[in-house]
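Data first, discussion second: the structure below is written as structure tokens.
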Amino acid sequence: MKHPLIRRWFSRLLAGLAAVIPIVGTVWVLYLVYKILFRVGEKIIYWIFRLLNVLRGVEPGAVVAEGPEGRPVVVGPDGEPLANQTHPWTFEFFGDDVVWFLIPVMLLLLAGFAVTNRPGRAVLNWVDRAITRVPILGFVYAALKQFVDALRNLGGPRKFKGVAYIEYPSEGCRLLGFVTGNFHDPQAGKDVTSVFIPTSPNPMTGFIIIVDDDKVFDSEMSLEEASKMILSAGLVSPESYEASLR
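Going by the working numbering, the first residue of the sequence shown is number 393, and it counts up by one from there.
Spelled out as structure tokens, the structure:
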């Protein structure tokens, strides 16, 4: 790749990828969330109208054939389509996609209102205790709950307290970590700091180390700068460092 033209085109390709991948990734995540909510809403409406069709006399074993425009219709014993009868377990109308999406959103809002008052919290606490007592399932539930709680508290009082350097594995080498707390170690008789060391480029995994206060060095990075550096595997440098080099 020594030819200048090839290098130029390759650099443009990388620039395009760098610009498009975050956008596409964000859209993809939003699409997945939309599809999940859509499917949940569709299933809720499916069972509601299945019940309504049973109540109005449409048998669950009704014969279904392909009608006009490829849509399924219910046929009678004589093989002729029944008038104004579409598939007994479907219901379609203009804007139904939006309704399917909004139904689970509204249910989530109702659940949020429910668990933020005293009776709702009591029910949620009972469910927590019941599930956590089940082997394996309780472990998975507890882990997911802690993860969700951590995400909710990222902007609150329990967020990371700063970005620090830990000298490891040898002198002159540094690990980049997030300070999570400070406490007194009664066995060592000194104050210590808990630091989360994330892996790169996937910061959702990592490990916790307990370090003496005098072994923790302030990196002078913001949480955002450190996160970008970790996610990019070091390709993105902190803006404060880049400014000092100019």
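Each residue gets a CB set at the ideal place from its N, CA and C atoms; glycine is no exception. Computed from a predicted model, the values in this text were never measured in an experiment.
For residue i, write down the residues that DSSP places opposite it in a beta bridge.
{"i": "lysine 582", "result": "Asp577"}
{"i": "proline 590", "result": "Gly598"}
{"i": "arginine 399", "result": "Beta-bridge pairing links arginine 399 to no other residue."}
{"i": "glutamate 617", "result": "Glutamate 617 is not bridged to any residue."}
{"i": "tyrosine 557", "result": "Leu568, Phe609"}
{"i": "valine 603", "result": "Thr585"}
With distance defined between alpha-carbon atoms, name the residue in the options nearest to residue i.
{"i": "glutamate 563", "options": "Arg431, Gly581, Lys607, Pro511", "result": "Lys607"}
{"i": "serine 611", "options": "Pro578, Lys553, Ile440", "result": "Lys553"}
{"i": "cysteine 589", "options": "Asp604, Trp518, Gly569, Val532", "result": "Going by the sequence as given, residue 589 is isoleucine instead of cysteine. Of the candidates Asp604, Trp518, Gly569, Val532, the one whose C-alpha sits nearest the C-alpha of isoleucine 589 is Gly569."}
{"i": "aspartate 604", "options": "Arg525, Gly581, Lys620", "result": "Gly581"}
{"i": "isoleucine 495", "options": "Asn517, Leu429, Asn509", "result": "Leu429"}
{"i": "valine 490", "options": "Ala503, Asn517, Tyr426, Trp439", "result": "Tyr426"}
{"i": "phenylalanine 493", "options": "Arg521, Gly504, Thr597, Tyr423", "result": "Tyr423"}
{"i": "glycine 573", "options": "Glu616, Tyr560, Asp583", "result": "Asp583"}
{"i": "leucine 567", "options": "His576, Gly598, Phe575", "result": "Gly598"}
My understanding is that residue i touches residue j, with C-beta atoms under 8 Å, so please give their C-beta distance in whole angstroms.
{"i": "isoleucine 558", "j": "isoleucine 601", "result": "7 Å"}
{"i": "alanine 556", "j": "valine 587", "result": "6 Å"}
{"i": "arginine 513", "j": "valine 507", "result": "6 Å"}
{"i": "threonine 524", "j": "alanine 535", "result": "Incorrect: roughly 11 Å between the Cβ atoms, too far for contact."}
Ends of the alpha helix (DSSP H) at residue i?
{"i": "aspartate 520", "result": "510-524"}
Exercise for the section: Give a yes or no on contact between the segment 614-624 and the segment 579-595, applying the rule of three or more CB pairs nearer than 8 Å. Expected result: yes
Handout entry: At least three beta-carbon pairs within less than 8 Å, the segment 431-440 to the segment 495-504
Key = yes
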